[in-house]
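Note sheet for the following structure.
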Amino acid sequence: MRKAQAPGYENSVTASQRAAELRQQIRTADDQYYNRGHSDLSDATYDALFTELRALEAAHPELVTEDSPTQRVGAPLPKGGDFATAQHLEPMGSIESLMTEPDARDFVQRIHKLLELPPEAPLAFFCEPKLDGTSANLLYEHGVLVRGLSRGDGQTGEDLTRNLRTIRNLPLRLAGAGPFPERIEIRGEVILSKAAFARLQAREATSSDGTFRNARNTVAGTLKLLDPRAVQRRPLEFLAFAVGHVSGPGFASHGALRQQLAAWGFTLAEPAALVEGLAGITAFHDDLEARREQLPYELDGIVAKVDAVALQQRLGRTARTPRWALAYKFAPRLGITRVLAIGAQVGRTGAVTPVAQLEPLELAGVTVQNASLHNWGLLRERDVRIGDTVEIQRAGDVIPEVVRVLVEHRPDAAPPPEPPSVCPACRGPLQEEGKFLYCSNLDCRDQLVGRIVHLASRQCFDIEGLGPKQVEQLVQAGLLRSLEDVFALGEHREALLQLERWGARSVQNLLQRLAAARTPSLARFLHGLGIRHVGLSTSQDLARHFGSLERLAAADRDNLQAVDGVGPEVAAAVAEFFAAERNQRTLQALARLGVVPQQETAAAAGPLTGRVFVFTGSLGALSRDDAAAKVVLLGATTANGVSKKVTDVVAGADAGSKLAKAQQLGLRILDEAAFLALVGNP
DNA sequence: GATCCTCGAGTTCT
DNA sequence: CTCGAGGATC
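Following this line, the structure appears as structure tokens:
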């Protein structure tokens, strides 16, 4: 075995030969390791070769090539440095997601119809696993990797080249003799295998904060690290699944494309198969779902593509997805665990709701410890008891929910839980209203925390840095005893500074933000007050109708009911709110502290007046609220759900049921790019 | 009085 | 995302 040595070569010809030799050995080892699972070289030998090559290149900088394995790792970006962004040559769209067999059937039938094929005509699909990682788009020029982008919003991605380069099974130079396309974009998924993730967890558990909760988030986090050397220590892999822009001739089929990618040195997702029709797709899906646990990677479904590229082109694409590819997801995972306790929470409205505390359970990538039971009626209906074994599902793959109780596993001594007789926070009396229990004590601590958090939230006064943690702490410290106290915090500067985690800087920031938050729109002001039945939408209706706080406060029930969307219940709630002496004091105190809602000006008519927007899926660049604000500024209104009244649906990535409904209703559907074009790029 | 929309509110975790 | 209930409409 050769030792790493100082560069002592007599002339650069030998040095250049040796460098080429080392690069070849290292590449072979990388390829063996990632594509066959083991390498003929020991880790120590590999490191030695690598060190030698690096030393050689240091001594002969002219020998450094862009595709040398040493170039996988660059220096860290300066702290606080941001990743640059760049345009994809061809947009990186998403694929329509389906959950059920009937949906898949519809999809395949639609393809037959569009191609004017009889339903029984054979049609070949290529099926591959749908990997759960982060997509990336690699640009190769004349066979050499020059850039790697994240998906971003589909049009523009972040330049992650320096980090992507560290992935060892990602070719820095395409394998084979060429000729290579002048430019080609290779798309794939960056993932951590289950084994690699487990190793990483074991290795880092002792050293750092143990933040590796699931593989997908770890991948996303890793690619954003500023120091490529840290990225290199995470055993990421790149699995290619498609090409974007190609200069020169394309490929005849997805199968041919895969062969070429493999020949160029890419790893491909396996198992994959060329199958026939819906039956083939379904069989592939069911087979993988059944073997899910045994596969080396996390997957959330399969992807099926019409194999022939000529047919793909005939099918074309909708505004946001190709018509020739579908993602057929696996059924949401059910998990089984035990109910440790059934607690009660008090929300900002005083509603006391039951929460099941669960034995921690890994479900679809996260650890679930709590599941809401919504109300005591539901709890009784499902008959959930402490000690019960229950089936948990993440509704919409997000919110944990108790699906059912496995009664046969119930311990003998498990009485049904009793709803609390007093408020769990303040021990005050409870009132029953419908299926809900309410704590009617306005000074109840948990309620106060909830009301203040709501007041400070984005849709209301938008006070950054005043979240649940901080509010809890300030209430505990006695600095907040009522809503209006929020704006009196400036008078308690000294007391604030005494608290843990409140330094001069954070106190100053908070006080500045409070000062800035003192002139909200009337709608946001109203919403922040937390009047029953009055959310953002109703607040806006009221603000538009009355124009000022004074006129609203003076309105009686009849005046209130004249507002569109306000009936007897809402009118009563609003009138009662303004009649209550306690609330009048709050309003007076706020006014004294300089908190004054702005007069509502009638919404300016704009180019989008009369149109109603709904947002679904995630928009890369904008939050949903920001997107909504943009269309409102142009004269449009927004709604929460899809209905006949809606005119436009903006579908971001991973759009769900709303999109399907919108398609049914034949509404105008905008993808993110179209939306940004409409509202004018920020 | 019944039915359909829509809004409010609560919910988990990173 | 889901449930429940208020409001509008027939």
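Residue numbering for the first sequence follows my numbering, starting at -2 and increasing by one per position. All C-beta atoms, glycine included, are put in the ideal place defined by N, C-alpha and C.
Give me the Cβ distance between residue i and residue j, rounded to the nearest whole Å; I'm assuming they're in contact under 8 Å.
| i | j | result |
| --- | --- | --- |
| LEU486 | LEU511 | 6 Å |
| ALA16 | LEU53 | 5 Å |
| ALA670 | THR613 | ALA670 to THR613, Cβ: 16 Å. No contact. |
| PRO414 | LEU376 | 7 Å |
| ALA269 | GLU125 | 4 Å |
| THR350 | PRO357 | That pair is no contact at about 21 Å. |
| LEU370 | VAL400 | At roughly 12 Å, the Cβ-Cβ gap does not stay under 8 Å, so LEU370 and VAL400 are not in contact. |
| ALA322 | GLY298 | Contact flag wrong, Cβ pair sits at about 12 Å. |
| HIS251 | ASP304 | 5 Å |
| PHE433 | ASN367 | Not confirmed; about 19 Å, so no contact. |
| LEU142 | LEU169 | 5 Å |
| ALA492 | ALA520 | Not confirmed; about 33 Å, so no contact. |
| LEU439 | ARG579 | 6 Å |
Could you name the residues that DSSP lists as bridge partners for residue i?
| i | result |
| --- | --- |
| GLY145 | LEU135 |
| GLN84 | THR153 |
| LYS221 | Answer is none; LYS221 lacks a bridge partner. |
| ILE389 | GLY332, VAL399 |
| ALA121 | GLU273 |
| ILE704 | This structure cannot speak to residue 704, because the chain is shown only from -2 to 679. |
| CYS441 | Paired residue(s): none; CYS441 is not in a bridge. |
| LYS191 | Note: LYS191 sits in no beta bridge, so no partner. |
| LEU519 | DSSP, once it has assigned bridges, lists no residue as partnering LEU519. |
Terminal residues of the continuous alpha helix (DSSP H) containing residue i?
| i | result |
| --- | --- |
| SER534 | 533 to 543 |
| SER94 | Note, SER94: premise wrong, no alpha helix (DSSP H); beta strand (DSSP E) at 93 to 95. |
| ARG335 | ARG335 -> not in any alpha helix (DSSP H); beta strand (DSSP E) instead, spanning 331 to 343. |
| LEU584 | 578 to 589 |
| GLY252 | 251 to 260 |
| ASP276 | It is worth fixing the name first, because residue 276 is Ala in this sequence and not Asp. Counting along the chain, the alpha helix (DSSP H) containing ALA276 begins and ends at 274 to 288. |
| VAL105 | 98 to 111 |
| GLU669 | 669 to 676 |
| LEU323 | LEU323 -> not in any alpha helix (DSSP H); beta strand (DSSP E) instead, spanning 322 to 326. |
| LYS466 | 465 to 473 |
| LEU546 | 546 to 551 |
| GLN309 | 306 to 312 |
Along the chain, where does the beta strand (DSSP E) that runs through residue i open and close?
| i | result |
| --- | --- |
| ASP645 | 645 to 648 |
| PHE458 | From DSSP, PHE458 is part of no beta strand (DSSP E); its letter is neither H nor E. |
| HIS242 | 234 to 243 |
| ARG184 | 180 to 188 |
| GLU491 | Premise fails: GLU491 lies in the alpha helix (DSSP H), 490 to 495, not in any beta strand (DSSP E). |
| THR613 | 609 to 613 |
| GLY298 | 296 to 303 |
| GLN428 | 427 to 430 |
| LEU434 | 433 to 436 |
Hey, out of the options, whose CA is closest to residue i's CA?
| i | options | result |
| --- | --- | --- |
| LEU60 | SER13, GLY425, ARG401, GLN444 | SER13 |
| ARG589 | GLU429, ALA570, VAL483, VAL646 | VAL483 |
| THR131 | ILE183, ALA217, LEU146 | ALA217 |
| PHE281 | GLN444, PHE123, GLU566, ILE164 | PHE123 |
| ARG320 | SER65, ARG379, ARG107, GLN22 | ARG107 |
| ARG230 | ALA307, THR163, ALA172 | THR163 |
| LYS127 | LEU171, GLN152, LEU292 | LEU292 |
| ILE339 | LEU236, PRO412, ALA212 | PRO412 |
| VAL629 | LEU496, CYS441, GLY185, VAL611 | VAL611 |
| LEU222 | GLN354, ARG159, VAL676 | ARG159 |
| THR27 | PHE543, THR264, LEU675 | At residue 27 the sequence reads Asp, which differs from the Thr that was named. That would be THR264, whose Cα lies nearest to the Cα of ASP27. |
| CYS423 | GLN342, GLY591, LEU258 | GLN342 |
| ASP37 | THR25, LEU439, ARG621 | THR25 |
| GLU155 | VAL141, ALA133, HIS139, ILE183 | ALA133 |
| PRO99 | THR635, THR279, SER244 | THR279 |
| ARG255 | GLY245, PRO246, ALA266 | ALA266 |
| VAL676 | ALA659, ALA633, LEU664 | ALA633 |
| PHE235 | PRO116, LEU496, GLN595, ARG165 | ARG165 |
| LEU233 | ALA276, VAL187, VAL243 | VAL187 |
| SER244 | GLU295, PRO178, ALA212 | PRO178 |
| GLU566 | LEU355, ARG51, ARG554 | ARG554 |
| SER65 | LEU167, SER94, ASP103 | LEU167 |
| GLY475 | LEU445, HIS451, ALA453 | LEU445 |
| ALA410 | GLY384, GLY425, ARG665, ASP380 | GLY384 |
| HIS542 | VAL563, ASP623, ARG102 | VAL563 |
message: In chain order, what are the residue ranges of uninterrupted beta strand (DSSP E) at least 3 long that sit wholly in the stretch 341 to 387?
response: Those beta strand (DSSP E) runs which fall completely within the stretch 341 to 387 and span 3+ residues are 348 to 360, 363 to 369.
message: Just to confirm the assignment: which complete beta strand (DSSP E) runs, minimum length 3, are found wholly within the stretch 393 to 423?
response: With a minimum length of 3 residues, the continuous beta strand (DSSP E) runs that stay inside the stretch 393 to 423 are 396 to 402.
Entirely enclosed alpha helix (DSSP H) segments - the stretch 555 to 580, minimum 4 residues: For the alpha helix (DSSP H) assignment, the uninterrupted runs of no fewer than 4 residues enclosed by the stretch 555 to 580 are, from N- to C-terminal side, 565 to 576.
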